[in-house]
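I have placed the structure first, in the form of structure tokens, so that the comments after it can refer back to it.
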Amino acid sequence: MVIVRILGGLGNQMFQYAYAKSLALKGLKVQIDISKFKSYKLHGGYHLDQFNIDLETSSQLPVLLSKIGLKKSIKEKSLLFDENLLKVDENAFIKGYFQTEKYFLDIRDILLKQFTIKSELSSSTKAIKNQINSCEVSCSLHIRRGDYISDKKANKVHGTCDLAYYQRAIFYISDQYKNVHFFVFSDDIAWVKSNLNVENATFIYHKVIPHEDQYLMSLCKHNITANSSFSWWGAWLNQHQEKIVIAPKQWFVEKENEVACKSWIKL
């Protein structure tokens with residue numbers, strides 16, 4: 001059996017699950033380990049149970065490891081794609097973030113079905129969905145602040161996208177299409193309203209599970225992401241054939257990365 005650890009916020013959990021699912025579809029018996037959420041309190045805990053996923057889940061890692069006779073523990077060496085992580089043997093415990101579609105692009109259709117919300121959408125999400133669908137040209141825009149600002153460790157690794165990046169992205173989309181309506185998502189929407197100059201915009205502020213905001217992003221025809229796995233998935237789940245996705249060129253402060261997809265525009 002292969003066990004893949006799940007940890008982090010919703011976006012990170014989705015990357016880890018997508019990687020685990022790709023291993024399962026290569027013929028391996030795979031379980032996901034959620035035991036760390038007993039002590040991990042950031043980002044609202046474990047979120048994948050709100051989706052239509054089907055891999056077995058375990059919250060008792062020591063018991064599970066003793067049953068399978070663990071042979072080796074594997075840890076992702078860097079943030080770059082590692083083909084060897086798709087060639088693992090049985091009886092391995094794997095930890096990492098797997099933040100590139102290269103691990104799972106070949107199972108996109110399956111992930112599109114599994115990363116759908118099981119429960120009924122909230123009334124506010126339904127209303128915003130109708131507004132998005134009524135727009136001729138809709139574009140989501142996500143600004144991540146939160147722990148990227150308050151947590152020194154997170155800020156050192158990720159930094160934040162500056163306002164100049166968003167202004168360039170808004171100009172790019174507006175130059176391609178007329179009458180673009182922007183749907184702005186953020187964990188600090190009051191700050192965004194005060195600091196970002198964007199016309200023809202709806203600022204999204206409602207208390208729902210994060211999956212619903214990510215779903216709304218995916219409904220927009222185009223997407224402007226932050227350097228955030230949350231809005232990365234909102235853009236990746238967008239099924240519009242002619243979509244434009246704009247992502248920050250600098251996803252991390254110092255490290256090389258392959259997070260943004262090749263077809264996306266990096267500014």
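Residue numbers (the UniProt record's numbering): 1 to 267.
From the three backbone atoms N, C-alpha and C, an ideal C-beta is built for every residue, glycine too.
Exercise for the section: Enumerate, from N- to C-terminal direction, the unbroken alpha helix (DSSP H) stretches of 4 or more residues contained entirely within the region 61-136. Expected result: 61-68, 108-114, 123-134
Handout entry: Beta-carbon proximity of I173 to I128, cut-off 9 Å
Key = no
Exercise for the section: My understanding is that L85 touches E76, with C-beta atoms under 8 Å, so please give their C-beta distance in whole angstroms. Expected result: 7 Å
Handout entry: 8 Å contact criterion, which W191 and R145 should meet: CB distance rounded
Key = 6 Å
Problem - Residue(s) in a DSSP beta bridge with F185 - result: H142
Handout entry: Pairwise C-alpha distance: K102 and Q13
Key = 16 Å
Practice task
Leaving aside the five residues before and after K153 along the sequence, list all residues of the same chain whose C-beta is less than 8 Å from its C-beta, in chain order.
Solution key: Because K153 carries a pLDDT of 45, less than 50, the predicted location of this residue cannot be relied on, and the following value inherits that uncertainty. Nothing listed; no residue qualifies.
Exercise for the section: With distances taken Cα to Cα, identify the nearest neighbour of K113 among W236, C261, L267. Expected result: W236
Practice task
Work out the CA separation of Y166 and E199 for me, nearest whole Å.
Solution key: 13 Å
Exercise for the section: Give the C-beta separation of Q99 and S229 to the nearest angstrom, bearing in mind that I take them to be a contact with Cβ-Cβ under 8 Å. Expected result: 6 Å
Exercise for the section: Sort I209, I265, H142, S194 by Cα distance to I117 and report the nearest one. Expected result: It is I209.
Problem - Own chain, CB closer than 8 Å to L25, minus 5 neighbours either side, in chain order - result: I107, I110
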